[in-house]
Amino acid sequence: MTTSVSSPTSAIPPTDEIGDRAEAALARCGVDHLAEATAAGRLYARTPITGETLLSLAQATERDVDHAVTAAHDSFRTAWRDTPAPERGALVRRLGELLREHKYDLADLVSIEAGKIRSEAAGEVQEMIDVCDFALGLSRQLYGRTMASERPGHRLMETWHPLGVVGVITAFNFPVAVWAWNTAVALVCGDTVVWKPSEMTPLTALACDALLSRAAADTGAPTNVHQVLLGGPDVGEHLVDEPRVALISATGSVRMGRTVGPRVAARLGRCLLELGGNNAAVVTPSADPELAVRGTVFAAAGTAGQRCTSLRRLIVHEDVADAITERVVDAYTQLRVGDPLSDHTLVGPLIGQRAHTAMREALTQATADGGEVLVGGNRRLEDQAPDAYYVEPAVVRMPTQTAIVRQETFAPILYVMTYRSLDEAVELHNGVSQGLSSAVFTQDQREAERFLALSDCGIVNVNIGTSGAEIGGAFGGEKDTGGGRESGSDAWKSYMRRATNTVNYSEELPLAQGVRFV
Ligand code: NAD
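Position one of the sequence shown corresponds to residue 1 (UniProt numbering), numbered consecutively onward.
What follows is the structure, encoded as structure tokens:
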């Protein structure tokens, strides 16, 4: 596209070597037998590192979905919902211990299947460990309120009860953390889980399932509390339509949410949607430039722009725009693109050809709209791995926020725009259909507070980038992002049903609101 500056740090390893590494990690996690693929239901485990196939696996059928839901439903009714919550916590504690033990096995699988660099893959597994710790504590804190009753001798209170089977559908780019956010919390809440992972990360899913089965065996929990179903959208749809699934928690694109949401609504089920973002950061004149540049580069180029919270729009005050942009562009020229399993790499591959096509088309459209590609955008390492898609993260200066900027392109493109007043910045910021993550870089408290109040996203940060959330907060976004909240804070309430109880311990039967009926 323009300046070709990044260089790979290491050769791309051959697929055989990657396959051996995956099989060794799987075996250590307890997956020693992989179901043979049948011609009818074949799912290919691929690696974006070379773009080639590692293994072929059996894909779930509609009958498998039925069996999995039946097993999870029975386990819920006959055992799990009546197991005291702190005892349910023991399962999650054991899972956390096993995750600590196998942190780097799982991280290897995440790098191999999702293309994340080693440090980010290990960070993702750490997030699983953190959420297990959180859920363990939660297992003793599923608090309900007690309210003052208007009637003498009466007690009014709320109690929380398990929901039932939770169907978890996850995206390729967080193949393990999002499962753990849902599963650790759902399990302590007394729910059982049926997981439909991304069709692009089946091996990682099998490893998580094996670790959870081992944790169940070690703690005496029923093994059927968790089921995994490998396959694509059609398998997901069977799960979504299953009336015995009380909650569908689905993470992925807005396109997926537009199908899943109405289907669950049609059967009056519950839905928790975690969909795409189009995240922006505002850099004000008072911003610490060092923080703004570092925060921008990690959020925009990290994970090769394939986080739901990746920074896609930088809205910079015109007085500092040139200086900030120049530094960001300079930092981009030093990003090392290549094998995510090498410790020196900062930017791994895109997940596949479709992502690359989307990136190329977006850059072409942005240029046609008057944008200027300041750095990056070129494909790399094609000679070594013709079926893999390595790209240089791109920075594009845009005159205005055109349609292509308002859409989420799941690739490392950062659009830079300028503003004059904070109101104008907020308008640009909120002028997209998604509402996941946002940030302001400023040292002016008035600006910070105003942005915190006016950003329409579920995540609003000050002086840190848009990506890299901690598990302690509730995670999720507004508008097209779907409105769901998972992980920390009181997100557990989505996984339980609330009952309002009135207990009469008097010898009278007074009616509320003073109603008489005699
Ligand atoms: P995707 O929408 O293609 O697939 C996500 C999951 O949904 C997969 O398991 C897929 O098989 C399943 N699916 C797709 N169509 C379905 C249908 N009709 N019925 C049932 N299941 C269906 O997304 P992806 O490419 O894997 O992931 C990238 C997208 O996910 C991006 O848009 C990203 O922003 C979003 N994402 C959001 C969050 C969040 O927490 N908000 C987190 C990670 C990723």
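All residues carry an ideal CB built from backbone N, CA and C; glycine is no exception. On a predicted model such as this, the values are computed, not experimentally measured, just so you know.
Any idea if residue i is buried or exposed, counting beta-carbon neighbours within 10 angstroms, 16 or more meaning buried?
{"i": "VAL240", "result": "buried"}
{"i": "GLU326", "result": "exposed"}
{"i": "LEU511", "result": "exposed"}
{"i": "GLY501", "result": "Looking at the sequence itself, residue 501 is Asn, so the reference to Gly does not match. Flag for ASN501 reads exposed."}
{"i": "residue 520", "result": "Only positions 1 to 518 of the chain appear in the structure, and residue 520 is not among them; the question remains open."}
{"i": "HIS33", "result": "exposed"}
{"i": "VAL235", "result": "buried"}
{"i": "PHE517", "result": "exposed"}
{"i": "ALA215", "result": "buried"}
{"i": "TYR419", "result": "buried"}
{"i": "ARG307", "result": "buried"}
{"i": "GLU333", "result": "Residue identity check: residue 333 is Thr in the sequence provided, not Glu. Under this definition THR333 is an exposed residue."}
{"i": "GLY514", "result": "exposed"}
{"i": "SER506", "result": "exposed"}
{"i": "LEU509", "result": "exposed"}
{"i": "SER455", "result": "buried"}
{"i": "PRO48", "result": "buried"}
{"i": "ALA148", "result": "exposed"}
{"i": "ARG21", "result": "buried"}
{"i": "ALA403", "result": "exposed"}
{"i": "ALA250", "result": "buried"}
{"i": "SER421", "result": "exposed"}
{"i": "GLU447", "result": "buried"}
{"i": "ASP209", "result": "buried"}
{"i": "ALA331", "result": "buried"}
Looking only at its chain, what residues have a beta carbon closer than 6 Å to the beta carbon of residue i, apart from the 5 residues adjacent to it on each side?
{"i": "GLY137", "result": "none"}
{"i": "ARG406", "result": "VAL432"}
{"i": "THR53", "result": "TYR44, ARG46"}
{"i": "PRO197", "result": "THR170, ALA205"}
{"i": "ALA107", "result": "ALA121, ALA122, VAL125"}
{"i": "GLY269", "result": "none"}
{"i": "VAL416", "result": "LEU314, THR325, ARG397"}
{"i": "THR15", "result": "THR50, GLU52"}
{"i": "VAL254", "result": "LEU275, GLY276, ASP480"}
{"i": "VAL225", "result": "SER75, TRP80, THR192"}
{"i": "ALA321", "result": "THR418"}
{"i": "THR146", "result": "MET157"}
{"i": "VAL178", "result": "THR170, THR251"}
{"i": "ARG151", "result": "PRO510"}
Assuming residue i and residue j make a contact with CB atoms under 8 Å, what is their CB distance in whole Å?
{"i": "ALA388", "j": "ILE129", "result": "Wrong, their Cβ atoms sit about 30 Å apart, outside the cutoff."}
{"i": "PRO222", "j": "ALA79", "result": "5 Å"}
{"i": "HIS154", "j": "ASN504", "result": "5 Å"}
{"i": "ILE324", "j": "ALA366", "result": "In fact, because the Cβ distance is near 19 Å, the residues do not count as touching under 8 Å."}
{"i": "ARG497", "j": "LEU163", "result": "5 Å"}
{"i": "CYS132", "j": "ALA184", "result": "5 Å"}
{"i": "LEU273", "j": "GLY257", "result": "5 Å"}
{"i": "LEU311", "j": "ALA281", "result": "6 Å"}
{"i": "ILE117", "j": "PRO393", "result": "About 13 Å; that fails the 8 Å criterion."}
{"i": "ALA411", "j": "ALA355", "result": "5 Å"}
{"i": "ALA207", "j": "LEU99", "result": "With 8 Å as the limit, ALA207 and LEU99 do not qualify as a contact, their Cβ atoms being about 10 Å apart."}
{"i": "VAL165", "j": "ALA265", "result": "No, VAL165 and ALA265 are not in contact; Cβ-Cβ is about 18 Å, not under 8 Å."}
{"i": "LEU203", "j": "LEU95", "result": "With 8 Å as the limit, LEU203 and LEU95 do not qualify as a contact, their Cβ atoms being about 18 Å apart."}
{"i": "GLY472", "j": "GLY483", "result": "Incorrect: roughly 20 Å between the Cβ atoms, too far for contact."}
{"i": "LEU363", "j": "VAL395", "result": "No, LEU363 and VAL395 are not in contact; Cβ-Cβ is about 11 Å, not under 8 Å."}
{"i": "GLN59", "j": "GLY261", "result": "Not confirmed; about 25 Å, so no contact."}
{"i": "GLY302", "j": "VAL245", "result": "Actually they are not in contact, since the Cβ atoms of GLY302 and VAL245 sit about 34 Å apart, beyond 8 Å."}
Grab me the residues of residue i's own chain with a C-beta within less than 7 Å of its C-beta, minus the 5 sequence neighbours each way, in chain order.
{"i": "GLY370", "result": "PRO399"}
{"i": "ARG28", "result": "HIS102, ASP105"}
{"i": "GLN353", "result": "TYR389"}
{"i": "VAL188", "result": "ALA85, ARG88, GLY89, VAL92, ALA135, LEU138, SER139"}
{"i": "ASP444", "result": "THR284, SER286"}
{"i": "THR201", "result": "GLU113, ALA114, PHE172, PRO175"}
{"i": "THR296", "result": "ALA281, LEU311, LEU314, VAL328, GLY465"}
Which same chain residues, not among the five before or five after residue i, have their C-beta less than 8 Å away from its C-beta?
{"i": "THR309", "result": "GLY277, ASN279, ALA299, LEU436, SER437, ILE459, THR466, SER467, GLY468, ALA469"}
{"i": "THR159", "result": "GLY144, ARG498, ALA499, ASN501"}
{"i": "LEU142", "result": "ALA85, TRP160, VAL188, CYS189, TRP492, MET496"}
{"i": "ALA304", "result": "GLY115, VAL347, GLY348, PRO349, LEU350, VAL391, PRO393, ALA411, PRO412"}
{"i": "THR83", "result": "GLY190, ALA221"}
{"i": "PRO386", "result": "GLY51"}
Check whether the Cβ of residue i lies closer than 8 Å to any Cβ atom in chain D.
{"i": "GLN445", "result": "Within the model displayed, chain D is absent; a lone protein chain is all it includes."}
*Can you check the segment 290-337 for any beta strand (DSSP E) of at least 3 residues that lies completely inside it and give the ranges in chain order?*
311-317
*Fully enclosed by the segment 185-245, which beta strand (DSSP E) runs are 3 residues long or longer?*
192-196, 226-228
*Taking only runs of the alpha helix (DSSP H) that begin and end inside the segment 367-439, which ones reach a length of at least 4 residues, in chain order?*
403-406, 422-430
_Threshold first: 4 residues or longer. Then list the alpha helix (DSSP H) segments lying entirely within the segment 439-467, N to C._
445-454
*With a floor of 4 residues, list each alpha helix (DSSP H) that falls wholly inside the segment 55-101, ordered by position along the chain.*
62-78, 85-101
*Which runs of the alpha helix (DSSP H) spanning at least 4 residues fall entirely within the segment 252-279, listed in chain order?*
254-266
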